[in-house]
């Protein structure tokens, strides 16, 4: 038996060992495990039975609710007759660019096989989503909500809601996804979708029930493939609190534009004097005709159905939407995923190291419609770009195949790659010369939206940039015959997809990859390939 003095000495020694090792006193971040079986199934969202893509027999798929720094493992069992990948829209996957879920970073999951994604939702909070990335599969389903919450030690800059709801708004075609792919392959652009859905349901069937005078959080994502939407709730206002991981100034809106690929979070208090049902409305923006769908906000115990007229949405005019977009500002004093204030990163004082000017075009190549960025219409090679880069396989892609400035030449079919050094601070100008709204998404990083404007961008436009409190996002709209400027710190090493979120345009080439690299071999900047990495193309033969 140890004497009192010996026991005390032993405890002190053990405590010192614990502090020095850091192993015993620091628990690993939690793990979340999911098994998803991906199958076909019959769905009838617009009263026309057709083939949908289900996850665990659900349409939409299961929701992932995580806390920042959680480790997420998703075992995907592909029961389809085609290869399959899931991309995690807005999840940055820091230091692990091997499973971003796009064909430029990983080989697809073959039919009748499975593969496990493993990544950490590191230093993120907010409202995100996931969806299939190969071909036009996402028009058939396979999408779902992905929510990342604060740790308990991080305060929320808004009142605690009583409950929260996921609202996934999507457009829908009454045509099989393989037929849509064939039409695009033949050079035929897709028509306007046949309708809109809320949570995969037809108009009037998505019901959100709450109690009078209680506060509710609505996580709203546009998971469609073609059209921007305007979202509003009959008889109620919405307080915006977050967009894609950034806490915003808490402005009150009667309606909000949410472009393809974007997510917003709002608070709604059920303050109506009469406990009845109210319409929730999502309508397409900048389309003729306008597509409209409804859900129901139901007060608990209500027996009075919602009554028309529906709340009026904005007109077709672009100026209203652009003006609203400029009102969305960053809450500089709110905590982010870490306790430091969101305004501690002074993006407006950092010197820009490089300016990239990207313009989109729709032209014919070999007699068929293609979409391009700076005259490069991207094609995915059989060997993923990330694998070719890591294993030093020549001939798969060319660095800076996409020029920094438009060339006004006939588009070329090739893998599109822009090369950057790790920690480059870059200005990217999106110039839209077409008469349709564009939407761009960047994997791996969030960017600061410096400004929007009509007509052609010129260097003088920099005087109009918001260099103080604009919001960081992962998806941004570019209005017709207009420009959008972003600033981004490329601090996430890897091969990251910059793409049109309008999926038919991406399918026909309006995308590229950003290779963010340095010559340092360190697990602090980039992890090695995972043990279960899928191999294909030239890597498989190596």
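Numbering (mature numbering (1 follows the signal peptide of the UniProt record, and there is no 0)), first residue to last: -27 to -1, 1 to 515.
The beta-carbon is built from N, C-alpha and C at its ideal position, and this holds for glycine as well.
Who are the Cβ neighbours of residue 506 in its own chain at under 7 Å, not counting the five residues just before and after it? For the purposes of this step, residue 506 is identified with residue 533 of the chain shown, where counting begins at 1. Once the five neighbours on either side are set aside, the close Cβ partners of residue 506 are 71.
Determine whether the beta carbon atoms of residue 310 and residue 124 lie at a separation below 9 Å. Here residue 310 corresponds to residue number 337 of the chain shown, with the count starting at 1. Here residue 124 corresponds to residue number 151 of the chain shown, with the count starting at 1. In contact: residue 310 and residue 124 (Cβ atoms closer than 9 Å).
Taking the alpha helix (DSSP H) that residue 492 belongs to, which residues open and close that run? As a position in the chain shown, residue 492 is number 519, starting the count at 1. Unbroken run through residue 492: none, as it is neither H nor E.
Residue 384 and residue 350 - do their beta-carbons sit closer together than 9 Å? Locating residue 350 in the chain shown gives position 377, where the first residue counts as 1. Locating residue 384 in the chain shown gives position 411, where the first residue counts as 1. With respect to the 9 Å criterion, residue 350 and residue 384 are classified as neighbours on the basis of their beta carbons.
My guess is that residue 412 and residue 232 are in contact by the Cβ rule of under 8 Å, so how many angstroms apart are they, rounded? Taking the first residue of the chain shown as 1, we reach residue 412 at position 439. Taking the first residue of the chain shown as 1, we reach residue 232 at position 259. Correct: roughly 5 Å between the Cβ atoms.
DSSP has residue 362 in a bridge; who is on the other side? Position 389 of the chain shown, counting from 1, holds the residue named residue 362. None; residue 362 has no bridge partner.
Backbone secondary structure at residue 155 - three-state DSSP: For this step, residue 155 is matched to residue 182 along the chain shown. In the structure shown, residue 155 sits in a helix (DSSP, three-state: H, G or I).
Please name the residue, chosen from 58, 255, 1, that lies closest to residue 9 on a Cα-to-Cα basis. The residue labelled residue 9 in the question sits at position 36 within the chain shown. Nearest of 58, 255, 1 to residue 9, Cα basis: 58.
Below 9 Å between beta carbons: does that hold for residue 207 and residue 138? Position 234 of the chain shown holds residue 207. Position 165 of the chain shown holds residue 138. Their beta carbons are not under 9 Å apart, which means residue 207 does not touch residue 138 by this criterion.
Burial state of residue 196 (16 or more Cβ within 10 Å): Taking the chain shown and counting its residues from 1, the one referred to as residue 196 is at position 223. Here residue 196 is buried: its Cβ has 16 or more other Cβ atoms, across all protein chains shown, within 10 Å.
In the DSSP assignment, what are the bridge partners of residue 220? Within the chain shown, the letter at position 247 stands for residue 220. DSSP lists 215 as partners of residue 220.
For residue 76 and residue 273, I'd like the C-alpha separation in whole angstroms. Within the chain shown, the letter at position 103 stands for residue 76. Within the chain shown, the letter at position 300 stands for residue 273. About 46 Å.
Going by CA-CA distance only, name the one from 387, 3, 462, 313 that's closest to residue 338. Mapped onto the chain shown, residue 338 falls at position 365. Out of 387, 3, 462, 313, 387 has the C-alpha closest to the C-alpha of residue 338.
With a 10 Å radius around its C-beta and 16 neighbouring C-beta atoms as the bar for buried, classify residue 244 as buried or exposed. Taking the first residue of the chain shown as 1, we reach residue 244 at position 271. By the 10 Å Cβ count, residue 244 comes out exposed.
With a threshold of 8 Å on Cβ separation, who are the neighbours of residue 89 within its own chain once the five nearest residues in sequence on each side are excluded? Position 116 of the chain shown, counted from the start, is the residue given in the question as residue 89. For residue 89, where only same-chain residues beyond five positions count, the Cβ hits under 8 Å are 46, 47, 48, 49, 505.
Compute the beta-carbon to beta-carbon distance between residue 114 and residue 27, rounded to the nearest angstrom, for a pair I have assumed lies under 8 Å. Translated into the one-based positions of the chain shown, residue 114 becomes position 141. Translated into the one-based positions of the chain shown, residue 27 becomes position 54. At roughly 6 Å, the Cβ-Cβ gap stays under 8 Å, so residue 114 and residue 27 are in contact.
Could you say which of 68, 481, 81 lies nearest to residue 155 if we only look at CA atoms? Translated into positions along the chain shown, residue 155 becomes position 182. Selected option, being the one with the closest Cα: 481.
Based on Cα-Cα distance, which residue from 294, 284, 19 lies nearest to residue 176? Taking the first residue of the chain shown as position 1, residue 176 is located at position 203. Restricting attention to 294, 284, 19, the CA atom closest to the CA of residue 176 is found in 19.
Measuring only the C-alpha atoms, how far is residue 54 from residue 434? For this step, residue 54 is matched to residue 81 along the chain shown. For this step, residue 434 is matched to residue 461 along the chain shown. CA-to-CA, the gap between residue 54 and residue 434 works out to about 50 Å.
Taking only the alpha-carbon atoms, compute the straight-line gap between residue -8 and residue 1 and give it to the nearest angstrom. In the chain shown, the residue the question calls residue -8 occupies position 20. In the chain shown, the residue the question calls residue 1 occupies position 28. Since pLDDT at residue -8 reaches only 39, below the 50 mark, its modelled position is unreliable, and no value is offered.
Less than 9 Å between the beta carbons of residue 239 and residue 328, yes or no? Here residue 239 refers to the residue found at position 266 when the chain shown is read from its first residue. Here residue 328 refers to the residue found at position 355 when the chain shown is read from its first residue. No, Cβ-Cβ distance for residue 239 and residue 328 is not below 9 Å.
Checking the sheet assignment: what are the DSSP bridge partners for residue 320? Within the chain shown, the letter at position 347 stands for residue 320. For residue 320, which the question treats as bridged, DSSP gives no partner whatsoever.
Return the CA-CA distance between residue 67 and residue 101, expressed in angstroms with no decimal places. By one-based count along the chain shown, residue 67 stands at place 94. By one-based count along the chain shown, residue 101 stands at place 128. Whole-angstrom Cα-Cα distance: 16 Å.
Could you give the first and the last residue of the continuous alpha helix (DSSP H) run that contains residue 466? By 1-based counting over the chain shown, the position of residue 466 is 493. Bounds of any alpha helix (DSSP H) do not take in residue 466, whose DSSP letter is neither H nor E.
Leaving aside the five residues before and after residue 495 along the sequence, list all residues of the same chain whose C-beta is less than 6 Å from its C-beta, in chain order. If you number the chain shown from 1, residue 495 lands on position 522. Exclusion of the five residues before and after residue 495 leaves no residue of its chain whose Cβ lies closer than 6 Å to its Cβ.
Contact check, residue 121 vs residue 98 under 8 Å by CB: the rounded distance? Here residue 121 refers to the residue found at position 148 of the chain shown. Here residue 98 refers to the residue found at position 125 of the chain shown. Yes, they are in contact, since the Cβ atoms of residue 121 and residue 98 sit about 5 Å apart, within 8 Å.
What residue ranges within the segment 271 to 358 form continuous beta strand (DSSP E) runs of no fewer than 3 residues, ordered along the chain? Qualifying beta strand (DSSP E) stretches, in chain order: 327 to 338, 341 to 346.
Based on the DSSP output, what are the partners of residue 101 in its beta bridges? Position 128 of the chain shown holds residue 101. Bridge partners of residue 101: 119.
Let me confirm a value: residue 164 is counted as buried when at least 16 other C-beta atoms fall within 10 Å, else exposed. Which label applies? As a working mapping, residue 164 is identified with position 191 in the chain shown. Its Cβ having fewer than 16 others within 10 Å, residue 164 is exposed.
C-beta contact flag for residue 417 and residue 476 at 9 Å: As a first step, residue 417 must be located in the chain shown, where it is residue number 444. As a first step, residue 476 must be located in the chain shown, where it is residue number 503. In this structure, residue 476 does not lie closer than 9 Å to residue 417 by Cβ.
Among residues of its own chain, excluding the 5 on either side of residue 222, which ones have a beta-carbon nearer than 7 Å to its beta-carbon? Taking the chain shown and counting its residues from 1, one reaches residue 222 at position 249. For residue 222, where only same-chain residues beyond five positions count, the Cβ hits under 7 Å are 302, 304.
Can you list, in chain order, the residues of its chain whose CB lies under 8 Å from that of residue 265, leaving out five sequence neighbours each side? Counting from 1 along the chain shown, the entry for residue 265 is found at position 292. The answer, listed in chain order, is 169, 176, 254, 255, 256, 257, 283.
Is residue -14 helix, strand or coil when you go by DSSP? Position 14 of the chain shown, counted from the start, is the residue given in the question as residue -14. Any answer about residue -14 is weak, because its pLDDT of 39 lies below 50 and its placement is not dependable; what the coordinates show is given next. Looking at residue -14 - three-state DSSP - the assignment turns out to be helix.
Within 10 angstroms of its Cβ, does residue -11 collect 16 or more other Cβ (buried), or is it exposed? Working through the chain shown from its first residue, we reach residue -11 at position 17. Residue confidence for residue -11 is low, a pLDDT of 39 falling below 50, so the modelled location carries little weight and cannot support an answer.
Among 41, 315, 40, 25, which residue has its Cα nearest to the Cα of residue 34? Here residue 34 refers to the residue found at position 61 when the chain shown is read from its first residue. Of the candidates 41, 315, 40, 25, the one whose C-alpha sits nearest the C-alpha of residue 34 is 25.
Are the beta-carbon atoms of residue 391 and residue 373 separated by less than 9 Å? Residue mapping note: residue 391 aligns to position 418 of the chain shown, counting from 1. Residue mapping note: residue 373 aligns to position 400 of the chain shown, counting from 1. In contact: residue 391 and residue 373 (Cβ atoms closer than 9 Å).
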